[in-house]
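Residue numbers (full-length UniProt numbering): 1 to 532. What follows is a single structure, written as structure tokens, with notes after it.
As structure tokens, then:
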């Protein structure tokens, strides 16, 4: 998966961005025809074919599933929640640990059954009860109880800061369709929701077709049918949109941006995203990069800013901290000041001074990355290390699965396995999405493999911020955590990758959303895609 291939694609935005393998030309179910009722959308990476939002760990499967399901709350045009199935925002009691939700009556799932509070309660609890890979985002839920047919009460074990910003925006699944493991297995590739589209046709690793739900309770989509295919080859994907062989593509390559922007018959679209690319180090004591000075030396050996501005100028922006700018809009951390004071600048002399004596002359670090822009960055870093005399430095590009097995899922790596890796994470409006999942010690082997012990308060502060509902307190805790990260560099913030799409000019009202799993957003409070 390339930038926004997410682990954790459950609708809340959290997930590792990786790089997967493709399956050919991606033309799947046919070519675009400009038919006013139908649309073909070409995804940039192949799906895991995991369409149950409780268990889906993949943004590209969720791009399909999000059209099948409604949420209790959904994103507005940015990173703010607005009611969807919910009548309004919840009543909050018990010092921020009890939430009372009321849902609209008369809404039906595609199987004709009414959406009730029982389905909502089931959707909240299923992450724990079914051992979902997304459980960490919901493990603070103590209970979800039905008050009546349209009201549900959710109790938390402790306050949870991101709850009202992010977590309560769950997809609602029908309890009656998922009562046994066999039913859940079938549901995964033939999902039933209450959303604007219904499942129509599916060929594994080829295409998924959805048809408009003509009985949809909300605004009816203009599009009658959409087919999702994938094409992981960027050049081929761009050739398809230029030739009119598809109606829209995701992920416009930086090098093709200017050309496509000036192409007759093609529109390009871009929005900032909550994506976070990072260079993360193996901080175990037996690895040379367990020494903070070695990490600092590597970071001073190259210019991250120059790489982004020269290689990704149209589609990314450099970072100053382990949260992207769009997340910081609701927090106001002084990112520019931090960049000036803490962020490592390109300084090969300082890099050489830090590395001399800290590593052997024949030091041979392996930097692992997916084979996209992050692979290019790994090559840039290694080239600079070669210039400093460390000829054994090696950039290794891997497909997504093997990359995660050697890094994120590797609970006992040797220094020879890796000394650094490049991955990404798509979060949301709250720093917890990044700092807990990627840097708390409990997530070793799940979402990260840096093994950073940190100061005495580092991990405690991450948890304390997670379990506080006081914004000022959380700000102070996160400030301490992020400044320590910039000083000790268990992970170097790299850049935030924008969400981009290109479409034929007959595709109207296509607006990219910051959360990649929401694209293409065919119908919302602010747009309704049509084909003229």
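Idealized CB from N, CA, C, for every residue including glycine.
For the pair residue 117 and residue 84, the CB atoms are not nearer than the 8 angstroms cut-off. In this chain, residue 245 is not harboured by any beta strand (DSSP E), its DSSP state being neither H nor E. At the C-beta level, residue 97 and residue 159 come within 8 angstroms of one another.
Contact between residue 52 and residue 187 holds: their C-beta atoms lie close to 6 angstroms from each other, under 8 angstroms. Under the DSSP assignment, residue 367 falls in the beta strand (DSSP E) whose first and last residues are 366 to 370.
Minimum Cα-Cα distance from residue 484 among the listed residues 464, 453 and 502 corresponds to 453. Residue 248 places its beta carbon less than 8 angstroms from that of residue 520. Partner residues in the beta bridge of residue 420, as assigned by DSSP, are 281 and 367. Cβ contact annotation for residue 109 (same chain, cutoff 7 angstroms, sequence separation greater than five): 115, 174, 192, 193 and 194, in chain order.
Taken through DSSP and simplified to helix, strand or coil, residue 178 comes out as coil. Here the alpha carbons of residue 431 and residue 478 stand approximately 8 angstroms from one another. A straight line joining the alpha-carbon of residue 46 with that of residue 88 spans about 37 angstroms. Residues of the same chain with a CB within less than 8 angstroms of the CB of residue 358, apart from the 5 flanking positions on each side, are 288, 291, 293, 294 and 297 in chain order.
One thing to note: residue 436 has its Cβ no nearer than 8 angstroms to the Cβ of residue 474. A contact is defined here as three or more CB-CB pairs under 8 angstroms, and the segment 315 to 323 fails this definition with respect to the segment 378 to 388. Counting C-beta atoms within 10 angstroms of its own C-beta, residue 106 has fewer than 16 neighbours from the protein chains shown and is therefore classed as exposed. Residue state for residue 461 is assigned as helix, using DSSP reduced to three classes. Residue 381 sits in a helix when the DSSP states are folded into three classes.
Contact between the segment 264 to 278 and the segment 339 to 352 is absent, with fewer than three C-beta pairs closer than 8 angstroms. Residue 94 sits exposed, since fewer than 16 C-beta atoms from the chains shown fall within 10 Å of its C-beta. Residue 340 and residue 73 have their alpha carbons spaced roughly 38 angstroms apart. Annotation note: the segment 49 to 82 contains the following uninterrupted alpha helix (DSSP H) runs of length 4 or greater, listed N- to C-terminal: 59 to 65. The shortest CA-to-CA distance from residue 307 to any of 104, 353, 496 and 86 is the one to 496. Per DSSP, the unbroken alpha helix (DSSP H) holding residue 121 starts and ends at 117 to 129. In the DSSP assignment, the residues bridged to residue 523 are 528. In this model, residue 390 and residue 352 are separated by some 10 angstroms (Cα to Cα). Only exposed fits residue 204, as fewer than 16 other CB atoms lie within 10 angstroms of its CB. Going by DSSP, residue 490 is part of no beta strand (DSSP E) at all; its letter is neither H nor E. Under DSSP, residue 40 shares a beta bridge with 227. Around the C-beta of residue 143, fewer than 16 other C-beta atoms lie within 10 Å, and the residue is accordingly described as exposed. Assignment of residue 480 by DSSP, reduced to helix, strand and coil, places it in the helix class. In the structure shown, residue 292 falls within a helical segment according to DSSP collapsed to helix, strand and coil. Distances from the alpha-carbon of residue 370 to those of 235, 397, 355 and 362 put 397 closest. Under DSSP, residue 499 forms a beta bridge with 271.
DSSP places residue 350 in the uninterrupted alpha helix (DSSP H) bounded by 348 to 355. Shown here, residue 187 sits in a helix according to DSSP, grouped into three states.
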